[in-house]
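J.: Got a structure for you, written out below as structure tokens; questions coming shortly.
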Amino acid sequence: MKKFITAVPLQPEGKLEEYCYAAVGNQRLQMQEKTSFPIITAIQGYVQKDEQSEVIAVQVDSDNARCNYEKLKQELQEISTKVGIPCPVLRRIIVPEEESVATHANTFRKLIDYLEDQDELFACLTYGTKPLSEAIRMSVQYAYRVKTNVSISCVLYGQIIRPGRDPSEWYGQVYDETALLRLDEMVHLMANHGIKNPDMILDNLLTL
Numbered sequence: 001m002k003k004f005i006t007a008v009p010l011q012p013e014g015k016l017e018e019y020c021y022a023a024v025g026n027q028r029l030q031m032q033e034k035t036s037f038p039i040i041t042a043i044q045g046y047v048q049k050d051e052q053s054e055v056i057a058v059q060v061d062s063d064n065a066r067c068n069y070e071k072l073k074q075e076l077q078e079i080s081t082k083v084g085i086p087c088p089v090l091r092r093i094i095v096p097e098e099e100s101v102a103t104h105a106n107t108f109r110k111l112i113d114y115l116e117d118q119d120e121l122f123a124c125l126t127y128g129t130k131p132l133s134e135a136i137r138m139s140v141q142y143a144y145r146v147k148t149n150v151s152i153s154c155v156l157y158g159q160i161i162r163p164g165r166d167p168s169e170w171y172g173q174v175y176d177e178t179a180l181l182r183l184d185e186m187v188h189l190m191a192n193h194g195i196k197n198p199d200m201i202l203d204n205l206l207t208l
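In our numbering, the protein residues as written are 1 to 208.
Shown next, in the form of structure tokens:
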């Protein structure tokens, strides 16, 4: 099954803006509608008609995140209707509002429980704290390495470009960062083989 993993944003109520994200590096992420959640660009680009999918939302236990979770639920329903796909099953993982290693290790374990053999995985690293994004990334890579026939189709990151102080000039871009995971796999292989000058290998990888 196609499963889309994202952290729920922490912005206060009324501060979570919507943008029409321009796709960079992967045109399947391009969408005409505005959204507050870059993961939705992948849902509209990859889920086919009559195809069931899941969204796994990691939500910090705070008032702001709870409010934004409801907004995510609403936007998923809206985009599903617009593009004519079944609304993804939304699963929520609630995590404590703290940054201890134990907390993020537990988040990793909970995410792994939702990932199964044969899954096609998508992940958004836009929102959440840096350690939480790392837990999401590790869970996706672990499932790919350990479970049977799991693929990682897209890891994405949404960026807001602010050329000036006027918010009306700001715009969003969504990047396909999947190659970073391939790079991480390659780094492990190069280290295991004692390769001390990786420039050529890295250049070849980045052209894929």
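Glycine included, each C-beta is placed from N, C-alpha and C at the ideal position.
These numbers come from a predicted model, not from an experiment.
1) Less than 8 Å between the C-beta atoms of Glu99 and Thr126, yes or no?
2) DSSP three-state call for Leu90: helix, strand or coil?
3) Here's the rule: buried if 16 or more other CB atoms are within 10 angstroms of the residue's CB, otherwise exposed. What is Cys20?
4) When the Cα atoms are used, what is the spatial distance from Gln59 to Asn197?
5) Let's test the definition: count the other Cβ atoms within 10 Å of the Cβ of Ser36 and tell me whether it reaches 16, buried, or not, exposed.
6) Give the secondary structure of Leu121 by DSSP, where H, G and I count as helix, E and B as strand, and everything else as coil.
7) Within the continuous beta strand (DSSP E) that includes Asp166, where are the two ends?
8) Determine the burial state of Asp63: buried for a count of at least 16 other Cβ atoms within 10 Å of its Cβ, exposed for fewer.
9) Taking Phe139 as part of the beta strand (DSSP E), name the residues at either end of that continuous run.
10) With DSSP as the reference, identify every bridge partner of Tyr19, one or two as the case may be.
11) What first and last residue would you give for the beta strand (DSSP E) that runs through Glu54?
12) When you compare only the Cα positions, how much space is there between Ile43 and Val101?
13) Can you tell me whether Lys3 is buried or exposed, with buried defined as 16 or more other CB within 10 angstroms of its CB?
14) Say the cut is 7 Å; is the CB of Ala57 nearer than that to a heavy atom of the ligand SAM?
15) Compute the beta-carbon to beta-carbon distance between Thr41 and Ala23, rounded to the nearest angstrom, for a pair I have assumed lies under 8 Å.
16) Cβ of Cys124 within 8 Å of Cβ of Pro9?
17) Ends of the beta strand (DSSP E) at Val155?
18) Specify whether the stretch 163-172 and the stretch 137-147 touch according to this definition: at least 3 beta carbon pairs, one from each stretch, less than 8 Å apart.
19) When you compare only the Cα positions, how much space is there between Lys71 and Ser133?
20) Have a look at Glu13, Ser80, Ile112, Glu18 and flag the residue whose alpha-carbon is nearest the alpha-carbon of Val174.
21) Starting from Phe4, follow its DSSP beta bridges and name the residues at the other end.
T.: On the basis of the supplied data:
1) Reading the sequence shown from its first residue, position 99 is the one you call residue 99. Reading the sequence shown from its first residue, position 126 is the one you call residue 126. Not in contact: Glu99 and Thr126 (Cβ atoms no closer than 8 Å).
2) Locating residue 90 in the sequence shown gives position 90, counting from the first residue. If DSSP states are grouped into helix, strand and coil, Leu90 belongs with the strands.
3) One-based indexing of the sequence shown puts residue 20 at position 20. Per the 10 Å Cβ criterion, exposed.
4) As a first step, residue 59 is located in the sequence shown; it is residue number 59 there, counting from the start. As a first step, residue 197 is located in the sequence shown; it is residue number 197 there, counting from the start. Their backbone Cα atoms lie some 41 Å apart in a straight line.
5) Taking the sequence shown and counting its residues from 1, the one referred to as residue 36 is at position 36. Counting Cβ neighbours within 10 Å, Ser36 comes out buried, since at least 16 surround it.
6) By 1-based counting over the sequence shown, the position of residue 121 is 121. Three-state DSSP puts Leu121 in a strand.
7) Counting from one through the sequence shown, the residue named residue 166 turns up at place 166. Premise fails: Asp166 is in no beta strand (DSSP E) and is neither H nor E.
8) As a position in the sequence shown, residue 63 is number 63, starting the count at 1. Label assigned to Asp63: exposed.
9) As a first step, residue 139 must be located in the sequence shown, where it is residue number 139. Looking at the sequence provided, one finds Ser at residue 139 rather than Phe. Note, Ser139: premise wrong, no beta strand (DSSP E); alpha helix (DSSP H) at 130-146.
10) Here residue 19 refers to the residue found at position 19 of the sequence shown. Looking at the DSSP assignment, Tyr19 forms a beta bridge with Thr35.
11) Indexing the sequence shown from 1 puts residue 54 at position 54. Segment 53-60, the beta strand (DSSP E) holding Glu54.
12) Within the sequence shown, the letter at position 43 stands for residue 43. Within the sequence shown, the letter at position 101 stands for residue 101. Approximately 31 Å between the Cα atoms of the pair.
13) Reading the sequence shown from its first residue, position 3 is the one you call residue 3. Lys3 is buried by the Cβ-count criterion.
14) Absent from the structure shown: the ligand SAM. Ligands present: none.
15) Counting from one through the sequence shown, the residue named residue 41 turns up at place 41. Counting from one through the sequence shown, the residue named residue 23 turns up at place 23. With 8 Å as the limit, Thr41 and Ala23 qualify as a contact, their Cβ atoms being about 7 Å apart.
16) For this step, residue 124 is matched to residue 124 along the sequence shown. For this step, residue 9 is matched to residue 9 along the sequence shown. Not in contact: Cys124 and Pro9 (Cβ atoms no closer than 8 Å).
17) On the sequence shown, residue 155 is found 155 positions in, with the first residue counted as 1. Looking at the DSSP string, the run of the beta strand (DSSP E) that includes Val155 is 151-161.
18) no
19) On the sequence shown, residue 71 is found 71 positions in, with the first residue counted as 1. On the sequence shown, residue 133 is found 133 positions in, with the first residue counted as 1. For Lys71 and Ser133, the distance between alpha carbons rounds to 20 Å.
20) In the sequence shown, residue 174 corresponds to position 174, counting from 1. Looking at the Cα atoms, Glu18 is the closest of the given residues.
21) Residue numbering aside, residue 4 sits at position 4 when the sequence shown is read from its first letter. Answer is Val55, Phe122.
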